[in-house]
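Same order as they appear, the protein sequences are chains A and B.
Quick note on numbering: our numbering labels position 144 of the first sequence as 144, and the sequence is numbered without any gaps.
Quick note on numbering: our numbering labels position 161 of the second sequence as 1161, and the sequence is numbered without any gaps.
All C-beta atoms in this analysis are idealised placements derived from N, C-alpha and C, irrespective of residue type, glycine included.
Computed from a predicted structure; not experimentally measured.
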Amino acid sequence: MDYARFLRLRRPLWEDFARRLAALQDAGARRGRRSAATSYGEVEELAFAYRQVLHDHALAATRFPGTGAARRLAALALAGTHRLTRRSAPWRGLRHFVFHAFPAAFQRQLGLLALAAAVFGGSFLLGLVLSAVQPGLGNLLLGPRAIAGLEEGRLWTESLTTTVPPAVASSGIATNNLSVALAAWSGGVLAGVVPLYMLVLNGLMLGGVIGISLRYSMAGELLSFVAAHGPLELTLVVVAAAAGLGLGRALVEAGDVPRGEAMRQAGHDSLLVVLGCLPWFVVLAAVEARISPDPSLPVAFKAALGLGLVLLFFGAALAPHRAGDDADAASS
Amino acid sequence: MADFDRDDEQGVPRPATGGAAASILALDNIRLELPVANIGSRCLAGVIDGCAVAVLLALWVLFCSVLALWVSGTWAVAAGVAGIFLVEWGYFAGMEIATGGRTLGKMALRLRAVTAAGSEAGAGALLVRNLVRDVDYLAGVPLMAIDPLARRLGDRLAGTLVVHEARAPAVLLGRVPPGWGAREVATVESFLLRAGELRDAAARDELARRLLSRVERDAPELLAGLGRPAVEGPVGMLRLALAAEER
């Protein structure tokens, strides 16, 4: 077949395909991505035309390389591939995410969660012991002003909660916690070093701070302050770090799949876990800014609230889910 | 067979993208070359996006300042903190999800993030590739520099690539002299595509006349009846003779 005849015979088909593709794109832009579902017949015609364009592209690339027709067909084939094929599963709605995708991903990471909790717990105990044997640790962790306040029977948290309005505190706490969680997760790509560092640092600091409070007989006041928000906050930080460890594990121990593929799968799974944690940080910020510093609320109420939030979170994360949702992990 | 006195393929137009190409196998195992964007385009798009983020942040701070003056200082600070967080973490992922893999920088340079198979990337993949930007600010550029597909860490994690958007302004010849092969056709099409941009009119017309002489030698009937060379000029005559059409 000569070039001119090839163009004469096949060009109307290419123009038609380009027109249909543009129409599909316009409709998609108007009605929202991917919801531009045309009729079954139209989809079938489009798929058939795409296949013809691909075959024409193969012919032109072989017989007429470098010509305008070859370039036009390559562009059309690429545009068709981009628009008409899709490897990842489409977004199946918030309800599916909350009740199926998030619990499924969370439950696949329980082993890593146990590891992260163990690292955090070990660091906490180490911090507690260090604060007992090293009195100078207080100055290092909290600074001399906070230590002077403790000697006078005041917690350093008072100044934070009395000088900053609750709305500003909520906003600051939420964004800070979200940043920490996202950094703990994304830092997992560095072979899990960043989440490990965050777990150890937070465990050491918490243990050290509680140890110092015990030394000054202020542990009761401190626990009263953190009772409402502390349990869930620590849980979420450990969960985000565990998700980051999942990324690191895929890099270090890819198993029998290519390292890139292992990281891609781990990235999708751990992202679901982190995304599922994000709304809880917003709830947490409101509790930390409004309920935790309120001295009029009884400690028992704060502790019950803290425990209730943790139970609610684990209830949502460990809820039974559909068996088929395991497929979510592989489809990003 | 006509010969344009070239013994290599230098006369064949090359893709205008200038980047590396990744091969994918599409339907029926047909090979497609993805025009992968190289590190230069990626960094330039990143600089434009950085400017866009700075402008957005400045506008948000301005809005919050007005809010502080007219409504409430407390709520203005709270909204300011939340807004800055959302812009910093959400601009790239939000834009790419909303526009199918493009940010303002990518739109300016006609780039798009796609899956490694050339298809549209899903929201999950776009989120993953953008939420690890903090790490990529450190490691992204060296990784792109050593990777033939210019992938940063986020791309590897999400299984994505950034490609030049397909655009193929092309001149197609409706008539071809007998014996002309792909190289001759490609040379004439390429010349006609660029003829409007050539500043040296004398050189352009001279080249067109030489091409016309080859047409006359191989297929004189294509020039018969065209007449009016003084009106059309050599480039116009060449277009008419070969029924060239720009698409």
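* Asked: Once you ignore the five residues that flank F64(A) on each side, which residues in its own chain have a CB closer than 6 Å to its CB?
  -> Here residue 64(A) is taken as the residue at index 64 of the first sequence, counted from 1. For F64(A), same chain residues with a beta-carbon under 6 Å away, outside a window of 5 residues either side, are Y3, A70 in chain order.
* Asked: Three-state secondary structure (DSSP) at S1023(B)?
  -> Stepping through the second sequence from its first residue, residue 1023(B) is reached at position 23. S1023(B) falls in the strand class under three-state DSSP.
* **Complete runs of the alpha helix (DSSP H) confined to the segment 155-242 of chain A [at least 4 residues]** => 157-163, 166-186, 193-215, 219-226
* Residue interval of the alpha helix (DSSP H) (run including E1096(B)) -> Here residue 1096(B) refers to the residue found at position 96 when the second sequence is read from its first residue. Segment 1073-1099, the alpha helix (DSSP H) holding E1096(B).
* **Of the residues G1105(B), V1055(B), G1159(B), the one placed nearest E1120(B), counting alpha carbons only** => Walking along the second sequence from the start, residue 1120(B) turns up at place 120. Nearest option by C-alpha distance: G1159(B).
* Asked: What residues of chain B sit near S186(A), judged by a beta carbon separation below 7 Å?
  -> For the purposes of this step, residue 186(A) is taken as residue 186 along the first sequence, with counting starting at 1. Here the neighbours are L1131, V1132, D1134, V1135.
* To do: Give, in chain order, every unbroken run of the alpha helix (DSSP H) that is at least 4 residues long and sits entirely within the segment 1135-1207 of chain B.
  => 1153-1158, 1182-1194
* **Residue environment, I1146(B), which counts as buried when at least 16 other CB atoms sit within 10 Å** => On the second sequence, residue 1146(B) is found 146 positions in, with the first residue counted as 1. By the 10 Å Cβ count, I1146(B) comes out exposed.
* Asked: What is the residue span of the alpha helix (DSSP H) that R72(A) lies within?
  -> In the first sequence, the residue the question calls residue 72(A) occupies position 72. R72(A) -> alpha helix (DSSP H) spans 68-84.
* Partner residues on chain A for T1074(B), Cβ-Cβ distance less than 7 Å -> Here residue 1074(B) is taken as the residue at index 74 of the second sequence, counted from 1. Here the neighbours are P165, A167, V168.
* Is any beta-carbon of chain A found at less than 7 Å from that of A1195(B)? -> The count along the second sequence starts at 1 and reaches residue 1195(B) at position 195. No - not a single Cβ of chain A is within 7 Å of the one on A1195(B).
* **Contact set between the segment 1148-1160 of chain B and chain A, restricted to residues whose Cβ is under 7 Å from the partner** => L1153, R1156, L1157, A1158, G1159
* Asked: Would you say S35(A) faces chain B, with C-beta separation under 7 Å as the test?
  -> Within the first sequence, numbered from 1, the residue matching residue 35(A) stands at position 35. A caution first: S35(A) carries a pLDDT of 48, below 50, which makes its placement in the model too unreliable to give a value.
* Straight-line Cα distance separating P1178(B) from A47(A) -> As a working mapping, residue 47(A) is identified with position 47 in the first sequence. As a working mapping, residue 1178(B) is identified with position 178 in the second sequence. Spanning the two alpha carbons is a distance of roughly 35 Å.
* Can a CB atom of chain B be found closer than 7 Å to the CB of L312(A)? -> For the purposes of this step, residue 312(A) is taken as residue 312 along the first sequence, with counting starting at 1. Judged by the 7 Å Cβ criterion, L312(A) is not in contact with chain B.
* Just by C-beta distance, which residues in the segment 42-58 of chain A are closer than 8 Å to chain B? -> Here the close residues are Y50, R51, L54, H55, H57, A58.
* On the three-state DSSP scale, how would you describe A58(A)? -> Stepping through the first sequence from its first residue, residue 58(A) is reached at position 58. Three-state result, A58(A): helix.
* With distances taken Cα to Cα, identify the nearest neighbour of L150(A) among S179(A), N177(A), S217(A). => Here residue 150(A) refers to the residue found at position 150 when the first sequence is read from its first residue. Closest in C-alpha terms to L150(A), from the list S179(A), N177(A), S217(A), comes S217(A).
* Asked: Which residues, in order along the segment 1211-1241 of chain B, keep a beta-carbon less than 7 Å from a beta-carbon of chain A?
  -> none
* Between which two residues does the alpha helix (DSSP H) carrying E261(A) extend? -> As a first step, residue 261(A) must be located in the first sequence, where it is residue number 261. From DSSP, the alpha helix (DSSP H) with E261(A) extends over 259-286.
* 7 Å Cβ cutoff, T67(A) in contact with chain B -> Here residue 67(A) refers to the residue found at position 67 of the first sequence. Yes, because at least one Cβ of chain B sits closer than 7 Å to the Cβ of T67(A).
* Residue from A116(A), R259(A), L155(A) whose Cα sits closest to the Cα of V237(A) -> Stepping through the first sequence from its first residue, residue 237(A) is reached at position 237. If we check each option's Cα against that of V237(A), A116(A) comes out closest.
* Asked: Hey, how far is the Cα of L141(A) from the Cα of M205(A)?
  -> Mapped onto the first sequence, residue 141(A) falls at position 141. Mapped onto the first sequence, residue 205(A) falls at position 205. Each residue's Cα considered, the two are about 7 Å apart.
* How about G1090(B) and R1129(B): do their beta carbons lie closer than 7 Å? -> The residue you call residue 1090(B) lines up with position 90 of the second sequence. The residue you call residue 1129(B) lines up with position 129 of the second sequence. Result no, Cβ atoms of G1090(B) and R1129(B) do not sit closer than 7 Å.
* For L1223(B), which residues from the same chain have a beta carbon less than 6 Å from its beta carbon, with the 5 sequence-adjacent residues on both sides left out? -> Here residue 1223(B) is taken as the residue at index 223 of the second sequence, counted from 1. E1216, A1241.
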